[in-house]
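K.L.:
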Amino acid sequence: MDRTSPVPLYFQLSQQLEAAIGQGTLAPGSLLGNEIELAGRLGLSRPTVRQAIQSLVDKGLLVRRRGVGTQVVHSRVRRPLELSSLYDDLEAAGRRPATRVLRNLVEPATAEVAAALGVPEGADVHLVERLRSAHGEPMAHLRNHLPAGLLPLETGQLESTGLYRLMRGAGITLHSARQSVGACAAGGDEALLLGEAAGAPLLTMERTTFDDTGRAVEFGSHVYRASRYAFEFQLLVRP
188 MDRTSPVPLY FQLSQQLEAA IGQGTLAPGS LLGNEIELAG RLGLSRPTVR QAIQSLVDKG
248 LLVRRRGVGT QVVHSRVRRP LELSSLYDDL EAAGRRPATR VLRNLVEPAT AEVAAALGVP
308 EGADVHLVER LRSAHGEPMA HLRNHLPAGL LPLETGQLES TGLYRLMRGA GITLHSARQS
368 VGACAAGGDE ALLLGEAAGA PLLTMERTTF DDTGRAVEFG SHVYRASRYA FEFQLLVRP
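Just so you know, the sequence shown maps onto residues 188 to 426 in our numbering.
(1) Should the stretch 282-289 be called in touch with the stretch 236-252, which here means at least 3 C-beta pairs below 8 Å?
(2) Going by the DSSP bridge assignment, what does serine 363 pair with across the sheet?
(3) Could you tell me which residues DSSP pairs with glutamate 405 in its beta bridges?
(4) In the DSSP assignment, find the unbroken beta strand (DSSP E) run with threonine 286 in it and report its ends.
(5) Cα-Cα, which of Arg319, Arg355, Gly382 is closest to aspartate 399?
(6) Which value, in whole angstroms, describes the spacing of the CA atoms of histidine 362 and glutamate 405?
(7) Could you compute how far the alpha carbon of serine 367 sits from the alpha carbon of leucine 314?
(8) Roughly how many angstroms separate the alpha carbons of threonine 257 and leucine 219, rounded to a whole number?
(9) Between the alpha carbons of glutamine 203 and valine 260, how many angstroms are there, rounded?
(10) Name the one or two DSSP bridge partners that valine 368 has.
(11) Please determine, among Arg290, Arg319, Val288, Ala335, the residue with the shortest C-alpha to C-alpha distance to alanine 301.
(12) Using the C-alpha atoms, what's the distance from leucine 249 back to leucine 379?
(13) Let me check understanding here. Comparing Cα to Cα, which of Leu333, Glu393, Phe397, Leu340 lies closest to glycine 369?
(14) My output table needs one value for glutamate 222: the three-state DSSP class, helix, strand or coil.
(15) State the Cα-Cα distance for the pair tyrosine 351 and glutamate 294, rounded to the nearest angstrom.
(16) In three-state terms, what does DSSP make of methionine 354?
(17) Taking the Cβ atom as the reference point for each residue, do asparagine 291 and threonine 342 lie within a distance shorter than 7 Å?
(18) With which residues is proline 493 paired in a DSSP beta bridge?
(19) Between Leu390, Arg402, Leu340, Thr360, which lies nearest to glycine 305 when the distance is taken from Cα to Cα?
(20) Kindly indicate which three-state DSSP category proline 234 falls into: helix, strand or coil?
(21) Who pairs with glutamine 258 in a beta bridge, going by DSSP?
(22) Based on the DSSP secondary-structure assignment, which residues constitute the bridge partners of tyrosine 411?
(23) Which residue from Gly230, Leu229, Gln238, Ala384 puts its Cα closest to that of phenylalanine 198?
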């Protein structure tokens, strides 16, 4: 801790703890000890330690459990904006992705889905709706529409691996995508599904994916917990 720095001590401590969580030095489930112990060990005041911990609780990285103490939840998943799947990103980050299929059926295409997939409104499309978790905690609510008959989509397969892996395994070459990222407040049903409070901020993402022939093969409409998930951008200066 740099006591000569103009940066507040609580912020320095919260940054160090966040870095340790992100690097895995403080693994999910690790206990930090109580505020008095931490303050004594670090030579800081109890209010300073309390403020640092609260900032990480607010970010969803720590949780206070009665009778247990302050515990590491996990680091936020940071997803680069590239043509990859959430399943692959979680696996690459050392998480244990799990999937619960909520719906797996054929339905008529709405105007929005029809426009994205380039099919007539009302045409049959395949809907796959899933809840994706990591380390037993909900991360995202995923809705994907695909052209009917594009590939077999069995519920057991969808719960054991990612959709993009199944598509690649069926010989579909994913080439490019058009994507938009936004935000919304959690409604009652969405909040309950994701384990958030009603009104909590959520990240949204819509993506239309094309194969190497230019055919639209998937339209995804996804919602992510902002406390657990972030998108990363790499920005370049135009020459």
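Ideal Cβ placement from N, Cα and C applies to all residues, glycine included.
P.N.:
In short:
(1) no
(2) Phe397
(3) Thr396
(4) 284-295
(5) Arg355
(6) 12 Å
(7) 20 Å
(8) 6 Å
(9) 16 Å
(10) Met392
(11) Ala335
(12) 20 Å
(13) Glu393
(14) helix
(15) 21 Å
(16) helix
(17) yes
(18) Lying outside 188 to 426, the shown extent of the chain, residue 493 is not represented and no answer is given.
(19) Arg402
(20) helix
(21) Leu218, Val250
(22) Ala327, Leu390
(23) Gln238
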